[in-house]
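J.: Structure in structure tokens, see below.
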Ligand SMILES: [Fe+2]
Ligand SMILES: [Fe+2]
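Numbering (the numbering used here), first residue to last: 156 to 324.
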């Protein structure tokens, strides 16, 4: 993987920013429902992830992606739209997003050397929490969502495109 450290921090910051917005969108629709506390738990962890990458953007002088305003909107819309389809569709969205981020973080962990051990450890910690979110999604009926396979395939494709774009711009 030919990702530079700048690209890693830029795209991870963008991803955690988007993730926080997805859960905000889900909470706007489902916050008072049965899954409200579960969604707030995941959103709180995304906020910790985002705060860490925001700090790294500053301390390591990385230019954030110019697309933050777009991810602000797109993340919220994705979360709210899937939540509007119902809690299972919202959980299917979580599974799709978190599995994509897991793969993305796993590749970064493999690529980072000992000279970037603290960053690698941060990513490993966050990846474990993304997998926890994926498991929460499955435990809450994601796979029973109507159109699960199509819905998750579309969201994964979108997330992968967002990742590639956010590395560069
Ligand atoms: Fe995260
Ligand atoms: Fe997550």
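Ideal Cβ placement from N, Cα and C applies to all residues, glycine included.
1. If you measure between the beta carbons of residue 296 and residue 246, is that distance less than 8 Å?
2. Express the C-alpha separation of residue 181 and residue 201 in angstroms, rounding to a whole number.
3. Among the candidates 203, 218, 176, whose CA atom is the shortest distance from the CA of residue 162?
4. Does the beta carbon of residue 288 fall short of 7 Å from some heavy atom of ligand 2?
5. Which parts of the stretch 239-279 are runs of the alpha helix (DSSP H), unbroken and 4 residues or longer, counting only runs that do not cross its ends?
6. What do you get for residue 312, buried or exposed, if any count of 16 or more other CB atoms within 10 angstroms of its CB means buried?
7. With DSSP as the reference, label residue 169 as helix, strand or coil.
8. Just to confirm, does residue 174 get its C-beta within under 7 Å of one of the non-hydrogen atoms of ligand 2?
9. With a CB to CB cut of under 7 Å and the five nearest residues on each side skipped, what residues in its chain are close to residue 156?
10. On the DSSP letters alone, give me the boundaries of the alpha helix (DSSP H) that residue 196 sits inside.
11. Helix, strand or coil, according to DSSP, for residue 109 in the structure here?
12. Can you confirm whether the stretch 167-181 touches the stretch 208-222 when touching is taken to mean that 3 or more C-beta pairs between the two stretches lie within less than 8 Å?
13. Please state the DSSP three-state secondary structure of residue 143.
14. Any chance the CB of residue 171 is under 7 Å from a heavy atom of ligand 1?
15. Does the count of Cβ pairs from the stretch 235-249 and the stretch 264-282 closer than 8 Å reach three?
16. Reducing DSSP to helix, strand and coil, say where residue 292 ends up.
17. For residue 237, which residues of its own chain have a beta-carbon under 6 Å away from its beta-carbon, when the five flanking residues on both sides are left out?
18. May I have the straight-line CA-CA distance separating residue 213 from residue 164, to the nearest angstrom?
T.: Considering the structure as presented:
1. yes
2. 13 Å
3. The alpha carbon of residue 162 has as its nearest neighbour, out of 203, 218, 176, the alpha carbon of 218.
4. Result yes, Cβ under 7 Å from ligand 2.
5. 242-266
6. exposed
7. helix
8. yes
9. Only weak support is given to the placement of residue 156: the predicted model assigns it a pLDDT of 47, under 50, and the question is left unresolved by the model.
10. 191-214
11. A question about residue 109 goes unanswered here, because the residues of the chain that appear run from 156 up to 324.
12. Taking 8 Å as the limit for Cβ pairs, the verdict is that the stretch 167-181 does touch the stretch 208-222.
13. Outside the displayed span of the chain (156 to 324) sits residue 143, for which this structure offers no information.
14. yes
15. no
16. helix
17. 244, 245, 248
18. 10 Å
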